[in-house]
Structure formats: C-alpha cells, structure tokens
Amino acid sequence: MKNIVDLTLTYTNQIDGFSKKTSKTIQKDGWNASTLTFYSHCGTHMDAPIHFNVSNQTIDQIPVSDFVGRAWVIDLRHIGSRGLINPTHIPADIQKKIIEGDSLILWTNWSRQINTSAYRNELPRISERFAIWCLEKKIKMIGVEPPSVADVNNLEEVTKIHQILLKGVVIIEGLTNINKLQSNCVDLIALPIKIIGGDGAPARVIAIEKYE
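In terms of full-length UniProt numbering, the sequence shown has 201 at position 201, counting the first letter as 1, and numbering is strictly consecutive.
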C-alpha cells in the first residue's frame, strides 16, 4: 500500500509572483485556455546553481536523477519565527540512518503563514553550519516550507546559505501538507518545469509512503 501526498502549494492569484488570466473561452473561441505569468521563484519552486552564480548550471541541466530519492522528514515545529535550524535539530536516530544521496524535508508548519507578511518576513531559516553539514553529508535535496531557506531581507545571509547549498544540494522551497505524512521516511519526487536557462522554476512535489 502507498500513501501519496501532494506537497505543492496551489497557484492562485493571491500568490506573489503568479497571475492567471483568461485567454480563450469556449463560448468565443471554442476552447478554454489561460495566460499564466510566473516569477521563477514563486509558490512551490526549485533553485538552480545559477540563481546565485554558484555555477552556470541551469534548472534544465540538472539531472532528473537528482529530483527523486529517499527523504527524511525532520519535525521542526518547535522552531519559531526567525528561528535558526542547526545540525543538532536532526534527531540522533535519524542522523545514524542518513546516507549519501538521501534528502531532507524540514517540517516547520510554516506553510500555515501563507498570504501573511510573516510568511516571507519572519521565516525560520537554515544556519550556515547546517548548510555546510548538508553539503558534507551529500544530501541530495532539501525541502522547506518557507519561500526561502534563508532570510530574504538579509542579502548577505540569503546569498551565503544559497551559495553553500547550491554547490551540491537541490533546493526546494514553498512546500505544504507535510502534516499529512504519517512517517518520517518517504520517497520524494520534485519535478521543476524544464525552462531553458532557468535560474529556478515552479515544481510539482509529492511524497510517497510505502506500507507493508
């Protein structure tokens, strides 16, 4: 048996950086169609190394094998507004099980803040020490609920954390529905839109739990 959970935010006109407008109607044109406008880092999205000039690798050049893998769900709901996430927040039993190529999903419940000023301006974020730890452990993907892994109002911090992680870790930002997972180990699939030269792209992200 499998439990499949969609970790993707629904794109609405209330999400900053996204708009959907009617382009065609069945009454006038014979079919329904929309014009969609995306900021490349809005909603649930993924970052490419070129986003912070870590390398010239763009979103369309990242191997699809980097978008699939085992992920550990780390319960960080106790991390509050502007909290700093460190390696010590990873439970010891999970640290012993993590191997090269595993991914992390950081569960902070921050998606509940969507459409509030706190969502962007007071987010819990990854510390420099934790970013380095992820790189050293060869973590494949790291997924977070806030719109960024670091304080977007602090250019030095947001640059430093992204530049560390993007040397080897695929970043997924803007997750939701983590509370619907029933275990702390899942198969994670995160597929960004394949945009040539993309610095990032909206993505559909799902988690698959397997049961005997």
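Virtual Cβ for every residue (Gly too), placed ideally from N, Cα, C. From a predicted model like this one, the values you see are computed outputs, not experimental measurements.
* To do: Alpha carbon to alpha carbon, how far is A150 from N53? Give it in angstroms, no decimals.
  => 17 Å
* Asked: Within the chosen definition, does the stretch 188-202 reach the stretch 38-52 through at least 3 CB pairs nearer than 8 Å?
  -> yes
* Spatially closest choice to P146 from L166, G43 and K20, by CA coordinates -> G43
* Give the secondary structure of D60 by DSSP, where H, G and I count as helix, E and B as strand, and everything else as coil. => helix
* **E136 classed as buried or exposed, judged by whether at least 16 other C-beta atoms fall within 10 angstroms** => exposed
* **Beta carbon of I178 nearer than 8 Å to that of V73** => yes
* Using a Cβ-Cβ cut-off of 8 Å (strictly less than) and excluding sequence neighbours within five positions of Q14, which residues of its own chain qualify? -> N115
* To do: Identify whether C185 lies in helix, strand or coil by the three-state DSSP scheme.
  => strand
* To do: Pull up the DSSP beta-bridge partners for S104, would you.
  => The sequence given here has Leu at residue 104, not Ser. In the DSSP output, where bridge partners are listed per residue, L104 has W72 and I142.
* With distances taken from CA atoms, which of I142, Y11 and W110 is nearest S81? -> W110
* **Cross-strand partners of F38 (DSSP beta bridge)** => F18
* Closest Cα partner of H78 within the set L181, H89 and E157 -> H89
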